[in-house]
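> Those protein sequences? They're chains A and B, same order as listed.
Read in order, the letters of the first sequence are residues 3 to 265 in our numbering.
Read in order, the letters of the second sequence are residues 3 to 265 in our numbering.
Even glycine gets a Cβ: it sits at the ideal position worked out from N, Cα and C.
This structure is a prediction, so every number in the text was calculated from the model and none was measured.
This is the structure I have questions about; it appears just below.
There are 2 protein chains.
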Amino acid sequence: MKHAQSGATSRSVNDPTAKGKGPPAIEDITVKPMPASRTEAVQEALRQAIIEQKLRPGAKLPEDALGETFGTSRTIAREALGRLAVEGLVDLKPNKGAFVANPTLEEGRDIFMVRRGLEQTVTGLLAGRLRADQMTQLKAFNEKERSVSGVDEKESIRLAGEFHLLLARMTGNQLLIRYVTEVVSRCSLILAMYGRPHSADCGVDEHAEIIAALERGDAPKASHLMDHHLESVAGRAMLEARAEHDIRELLAPYAARIKGMTE
Amino acid sequence: MKHAQSGATSRSVNDPTAKGKGPPAIEDITVKPMPASRTEAVQEALRQAIIEQKLRPGAKLPEDALGETFGTSRTIAREALGRLAVEGLVDLKPNKGAFVANPTLEEGRDIFMVRRGLEQTVTGLLAGRLRADQMTQLKAFNEKERSVSGVDEKESIRLAGEFHLLLARMTGNQLLIRYVTEVVSRCSLILAMYGRPHSADCGVDEHAEIIAALERGDAPKASHLMDHHLESVAGRAMLEARAEHDIRELLAPYAARIKGMTE
DNA sequence: TCTCTCCTTATTGCATGCGATAATCGCATG
DNA sequence: CATGCGATTATCGCATGCAATAAGGAGAGA
Chain A
3 MKHAQSGATS
13 RSVNDPTAKG
23 KGPPAIEDIT
33 VKPMPASRTE
43 AVQEALRQAI
53 IEQKLRPGAK
63 LPEDALGETF
73 GTSRTIAREA
83 LGRLAVEGLV
93 DLKPNKGAFV
103 ANPTLEEGRD
113 IFMVRRGLEQ
123 TVTGLLAGRL
133 RADQMTQLKA
143 FNEKERSVSG
153 VDEKESIRLA
163 GEFHLLLARM
173 TGNQLLIRYV
183 TEVVSRCSLI
193 LAMYGRPHSA
203 DCGVDEHAEI
213 IAALERGDAP
223 KASHLMDHHL
233 ESVAGRAMLE
243 ARAEHDIREL
253 LAPYAARIKG
263 MTE
Chain B
3 MKHAQSGATS
13 RSVNDPTAKG
23 KGPPAIEDIT
33 VKPMPASRTE
43 AVQEALRQAI
53 IEQKLRPGAK
63 LPEDALGETF
73 GTSRTIAREA
83 LGRLAVEGLV
93 DLKPNKGAFV
103 ANPTLEEGRD
113 IFMVRRGLEQ
123 TVTGLLAGRL
133 RADQMTQLKA
143 FNEKERSVSG
153 VDEKESIRLA
163 GEFHLLLARM
173 TGNQLLIRYV
183 TEVVSRCSLI
193 LAMYGRPHSA
203 DCGVDEHAEI
213 IAALERGDAP
223 KASHLMDHHL
233 ESVAGRAMLE
243 ARAEHDIREL
253 LAPYAARIKG
263 MTE
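Here's what the structure looks like:
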């Protein structure tokens with residue numbers, strides 16, 4: 003069972019997958035999504051790149067370039083872009099192309115608002131229903147967060163998001179997992195855009211408190227903590243944004259009018 | 003089975019008149035039914051068909067057949083299916099094809115659980131913040147619901163879903179609108195699968211109560227009413243399902259094992 | 001008669017080609 | 001000098017073709 007296509011095609015694109023086909027090992031299904039098809043691979047790669055700001059918000063995503071980059075055709079890139087558009091990480095403008103989503107502050111607030119509701123559902127479902135091994139996993143994760151807090155900024159942000167994903171996965175509710183995944187992705191993007199440095203680090207202790215409340219089975223407290231945790235994260239980011247970025251935000255329309263930019 | 007005899011009429015690949023900038027083909031404008039792109043048109047059409055149970059859950063959706071049906075190529079059908087898969091209305095199985103989502107009772111419960119959280123967010127955002135014209139619109143809608151209640155079953159179900167969408171739209175929160183749209187779609191599918199007749203009709207009065215609470219600005223009450231409204235709708239449907247469908251549900255794994263089906 | 005294997009066939013996954021659309025630039029003109 | 005307009009080019013939208021995979025059936029052997 004080979005994966006590379008037989009050489010009939012004159013075009014030999016560099017196929018990154020051709021370098022050894024590791025048989026999919028048995029993996030922890032709760033933690034690992036899955037490699038899946040090429041489309042999903044590209045989708046996932048783009049998602050990561052967007053979240054990590056390797057691709058700036060508003061950046062154009064030409065199908066050709068993406069296809070070449072990932073060693074696939076435009077078709078795959080196109081499909082991945084379409085799905086990311088459904089997720090809200092990409093803006094798809096007809097006959098104009100795909101762009102990295104460039105959420106405004108208002109959209110950011112909207113997303114955080116939805117996230118608060120979703121994660122309250124998460125805590126409501128988990129409180130008092132976590133198995134021992136899950137509690138262990140959560141506490142270990144929190145320790146990992148603490149260990150990189152203040153050391154590795156990027157990793158800290160990534161783990162902070164991952165913590166919420168971990169909680170969501172523990173509900174076993176597939177839809178909830180999907181939605182939380184989406185909002186966490188988008189919130190990461192927003193925090194990267196508007197948040198100040200260290201705004202994510204502050205969450206470690208709050209995460210610990212949430213874990214404790216969940217362990218006690220105190221659903222109202224857990225939900226309350228989660229809500230305030232998210233509210234404060236959003237609040238700090240937005241406040242900071244107001245001081246640091248809002249000027250640019252306010253000026254954008256004028257600049258656009260001057261330059262004749264049509265957005 | 004013949005091979006795709008491409009749509010033939012609607013669009014001719016060889017269009018000699020396209021040369022020059024003469025009078026734009028009139029038929030082009032009239033024939034062109036596309037509100038947006040073709041993909042989205044197909045996506046929307048399929049979504050409607052699935053929700054209205056024109057396509058049974060579990061039904062296969064071959065790309066060729068869809069393309070032929072809609073007068074497009076497989077590419078469009080394929081992309082639409084991919085996006086619907088992201089929305090959860092379609093199951094995409096690698097190398098096997100696309101199928102109409104066939105949610106189990108557990109998935110149904112999961113979806114309703116998420117929906118409850120989302121719609122509580124909606125009520126929380128709307129309570130006491132609705133303009134007069136919006137209140138008028140809501141009350142008029144409720145009256146419309148009442149007028150068809152017990153008369154037109156299908157329409158009644160459709161309007162019941164539409165009411166929740168209307169509320170979500172009034173928040174102005176785009177993400178919330180999208181999520182509520184999705185869960186309402188999927189809940190419609192689930193109710194159509196597992197719900198008993200008339201299960202949706204009962205909602206008219208509850209809708210009225212919610213409207214009243216929103217008008218008074220009583221957020222907790224509105225959220226509470228909404229939550230119980232959805233819980234009861236789900237509960238009735240699931241209860242009925244338990245009596246009517248669960249046997250099949252329980253037997254499925256065994257049947258699968260016998261036949262060697264792996265899903 | 002049952003089963004195993006191989007072959008046929010329908011359908012997916014992916015790549016590429018072609019026409020069309022929108023952006024860009026040069027050019028001519030008031 | 002600014003402005004409007006036509007040609008060029010880059011990119012998108014979409015259709016189609018080709019290889020690969022999975023499903024189904026026929027035939028041979030036990």
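Out of curiosity, what's the CA-to-CA distance linking M228/B and E89/B?
Approximately 24 Å, taken between the alpha carbons.
> Does any CB atom of chain A fall closer than 8 Å to the CB of L177/B?
Closer than 8 Å to some Cβ of chain A, the Cβ of L177/B qualifies, so yes.
> What residue from R76/B, K98/B and E164/B has the CA that sits closest to V182/B's CA?
Of the listed residues, the one whose Cα sits closest to V182/B is E164/B.
> Using a Cβ-Cβ distance under 8 Å, would T308/B count as near chain A?
This structure cannot settle anything about residue 308/B, because the visible part of chain B is limited to 3 through 265.
> Look at Q176/B and D93/A and say whether their C-beta atoms are less than 8 Å apart.
Taking 8 Å as the Cβ cut-off, Q176/B and D93/A do not qualify as a contacting pair.
> Do you know offhand how far I28/A's Cα is from D135/A's?
Bear in mind that a pLDDT of 30 at I28/A, under 50, signals an unreliable position, so the number given afterwards is only what the model happens to contain. Distance between the alpha carbons of I28/A and D135/A: 20 Å.
> Are L120/A and V44/A touching if we call contact CB-CB under 8 Å?
Cβ distance not < 8 Å, so L120/A and V44/A don't count as in contact.
> Mind listing the chain B neighbours of G84/A? Cutoff is C-beta to C-beta under 8 Å, in chain order.
Those are T41, E81, G84 and R85, listed as they occur along chain B.
> Return helix, strand or coil for R131/A, following the three-state DSSP convention.
R131/A falls in the coil class under three-state DSSP.
> Give me, in chain order, the residues of the same chain whose beta-carbon lies closer than 6 Å to that of R58/A; leave out the 5 immediate sequence neighbours on both sides.
For R58/A, where only same-chain residues beyond five positions count, there are no Cβ hits under 6 Å.
> Around the Cβ of Q122/B, are there at least 16 other Cβ atoms within 10 angstroms (buried) or fewer (exposed)?
That one is buried.
> Using a Cβ cut-off of 8 Å (strictly closer), state whether G90/A contacts chain B.
Taking Cβ atoms only, chain B reaches closer than 8 Å to G90/A, which makes this a yes.
> Using the beta-carbon count (16 or more within 10 Å), is N144/A buried or exposed?
When all chains shown are included, N144/A counts as buried.
> Does the count of Cβ pairs from the stretch 102 to 110 of chain A and the stretch 51 to 65 of chain A closer than 8 Å reach three?
Counting Cβ pairs under 8 Å, three or more are found: they touch.
> So that I know if they touch, is there some Cβ in chain B lying closer than 8 Å to that of M36/A?
At M36/A the pLDDT is 44, less than 50, meaning the model places this residue with poor confidence and gives no usable figure here.
> Please report how far the alpha carbon of D154/A lies from the alpha carbon of S187/A, in whole angstroms.
Each residue's alpha carbon lies about 19 Å from the other.
> According to DSSP, is A27/B part of a helix, a strand, or is it coil?
Residue placement at A27/B is poorly supported in this model, since its pLDDT is 35, which falls under 50; the coordinates still yield a value, given next. It is coil, neither helix nor strand.
> Leaving out five residues on either side along the sequence, give the residues of the same chain with a beta carbon under 6 Å from the beta carbon of M36/A.
Confidence is the limiting factor: at M36/A the pLDDT is only 44, short of 50, which leaves the residue's position unreliable, though a coordinate-based value still follows. None.
> Whole angstroms is fine: what's the gap from T106/B's alpha carbon to L193/B's?
T106/B and L193/B: Cα-Cα distance of roughly 12 Å.
> How many angstroms separate the CA atom of A129/B from the CA atom of S190/B?
Cα to Cα, A129/B sits roughly 25 Å from S190/B.
> Between the C-alpha atoms of R238/B and G126/A, what's the straight-line distance to the nearest angstrom?
Roughly 22 Å between the two C-alpha positions.
> By a C-beta neighbour count over all protein chains shown, 10 Å radius and 16 as the cutoff for buried, is E147/A buried or exposed?
Per the 10 Å Cβ criterion, buried.
> Got a sec? Which residues, its chain only, sit under 6 Å from I179/B by beta carbon, not counting five neighbours each side?
Contacts found: A170 and R171.
> Counting only Cβ pairs nearer than 8 Å, list the residues of chain B close to P64/A.
Residues of chain B passing the Cβ test: none, with the nearest at roughly 18 Å.
> Using 10 angstroms around the beta-carbon of R80/A, count the other beta-carbons present and answer buried if the total reaches 16, otherwise exposed.
Buried, because 16 or more other Cβ atoms sit within 10 Å of the Cβ of R80/A.
> Does the ligand MN have a heavy atom nearer than 7 Å to the CB of K141/A?
Absence of the ligand MN is noted for the structure shown, with no ligands found whatsoever.
> Where K268/A and N97/A are concerned, what is the direct C-alpha to C-alpha distance, given to the nearest angstrom?
What the structure shows of chain A is the stretch from 3 to 265, and residue 268/A is not part of that stretch, so it cannot be assessed.
> Rounded to a whole number of angstroms, what is the C-alpha to C-alpha distance between M195/B and T173/B?
The alpha-carbon atoms of M195/B and T173/B are separated by roughly 30 Å.
> Listing by chain order, which chain B residues have their CB less than 7 Å from the CB of Q122/A?
What Q122/A touches in chain B: G119.
> Would the beta-carbon of E208/B fall within 8 Å of that of H231/B?
Going by C-beta atoms, E208/B is nearer than 8 Å to H231/B.
> Leaving out five residues on either side along the sequence, give the residues of the same chain with a beta carbon under 6 Å from the beta carbon of L140/A.
Answer for L140/A: I213, listed in chain order.
> So, is the C-beta of D93/B closer than 8 Å to a C-beta in chain A?
Taking Cβ atoms only, chain A never reaches closer than 8 Å to D93/B, which makes this a no.
> Going by C-alpha to C-alpha distance, which of L83/A, I159/A and T138/A sits closest to V206/A?
Looking at the Cα atoms, I159/A is the closest of the given residues.
> Which residues, in order along the stretch 99 to 117 of chain A, keep a beta-carbon less than 8 Å from a beta-carbon of chain B?
Against chain B - using a Cβ distance shorter than 8 Å - the residues of the stretch 99 to 117 of chain A are E109, D112, I113, M115 and V116.
> Where does D220/A fall in DSSP's three states?
In the structure shown, D220/A sits in coil (DSSP, three-state: anything other than H, G, I, E or B).
> On a CA-only basis, which of L68/A, I53/A and I52/A is nearest T41/A? Give me that one, please.
T41/A has its Cα closest to that of L68/A, out of L68/A, I53/A and I52/A.
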